[in-house]
Amino acid sequence: IADADTGFGEAEMVRKTVEEYYMAGAAGLHIEDQVFPKRCGHLDGKTLVDERTFCEKVERAAEAAQRCSGGEFIVCARTDAAGVPQEGFERAVHRATSYVQAGAEMIFPEGLHTKEDFGTFAEAMRKLPGPAPGGGPFMLANMTEFGKTPYLTLDEFAGLGYHCVIYPVSTLRSA
């Protein structure tokens, strides 16, 4: 699953982004609901696009994924709402629900602050229709050391209902 930041433009460009990533050999991509230029999800000062605008991006991405791969290409929607003071955890759940309804098959809640938040978020997503075992979308967690997220093990994430965990800088730090 490749990082596509904010999708590299408006909804129509996201369609092109999906096609290009698929042709390059990616199995899927994640796009996020921040405005461009974006900030690291573990930094303060993030601004989000409005929910409807991002849902349009997700819809175009899902349509393109179906068209170019027959549905094999995964569209993951990331929300940074939990780390934005005027949004917060409940709005992050609400936004993610809208993104699933728009066609996202995987959800990436960025910058959650506690283990309990991860569990509560995944539990809310399991209530939705989706392709994941047990219902809902597949769930992705970001385990960035030294970020806003507490360190959780792979087994802890699995126990909370996460199907995929990324460790974006671990190998660079060990090099």
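Counting from 20, one number per residue, gives the positions in the sequence shown under the numbering used here. C-beta atoms are modelled at their ideal positions from N, C-alpha and C, and glycine is treated no differently.
Rounded Cβ spacing between residue i and residue j (contact assumed at less than 8 Å)
i, j, result
"histidine 49", "phenylalanine 127", "5 Å"
"arginine 79", "alanine 30", "5 Å"
"leucine 67", "glutamate 106", "6 Å"
Start-to-end residues for the beta strand (DSSP E) that takes in residue i
i, result
"glycine 47", "47–51"
"valine 94", "93–98"
Residues of its chain near residue i, where Cβ-Cβ distance is below 7 Å and the 5 sequence neighbours each way are ignored
i, result
"cysteine 74", "Ser117, Tyr118, Ala121"
"valine 112", "Phe140, Ala143"
Beta-carbon proximity of residue i to residue j, cut-off 8 Å
i, j, result
"glutamate 124", "phenylalanine 176", "no"
"alanine 84", "valine 33", "no"
"glutamate 129", "arginine 97", "yes"
"isoleucine 93", "glycine 47", "yes"
"leucine 159", "cysteine 183", "yes"
"lysine 76", "glycine 26", "yes"
Per-residue DSSP class, three states only, for residue i
i, result
"alanine 83", "helix"
"phenylalanine 127", "strand"
"phenylalanine 73", "helix"
"aspartate 24", "coil"
"leucine 173", "helix"
"valine 184", "strand"
"alanine 160", "strand"
Cutoff 8 Å; reference residue i; Cβ partners in own chain excluding five residues on either side
i, result
"valine 188", "Thr163, Glu164"
"serine 88", "Tyr41"
"threonine 133", "Pro169"
"cysteine 95", "Ile20, Gly47, Leu48, His49, Ile50, Ala123, Glu124, Met125, Ile126, Phe127, Phe157, Leu159"
"tyrosine 181", "Phe137, Ala141, Met158, Leu159, Ala160"
"leucine 173", "Val184"
Residue i beta carbon near the ligand HEM (any heavy atom closer than 7 Å)
i, result
"alanine 141", "This structure simply doesn't include the ligand HEM, nor any ligand for that matter."
The alpha helix (DSSP H) enclosing residue i, as first and last residue numbers
i, result
"methionine 144", "134–145"
"methionine 42", "30–42"
"valine 119", "108–121"
"threonine 190", "189–193"
Proximal residues to residue i (C-beta, below 6 Å), its chain only, five neighbours per side dropped
i, result
"phenylalanine 137", "Leu131, Leu179"
"tyrosine 186", "Met162"
"glycine 90", "none"
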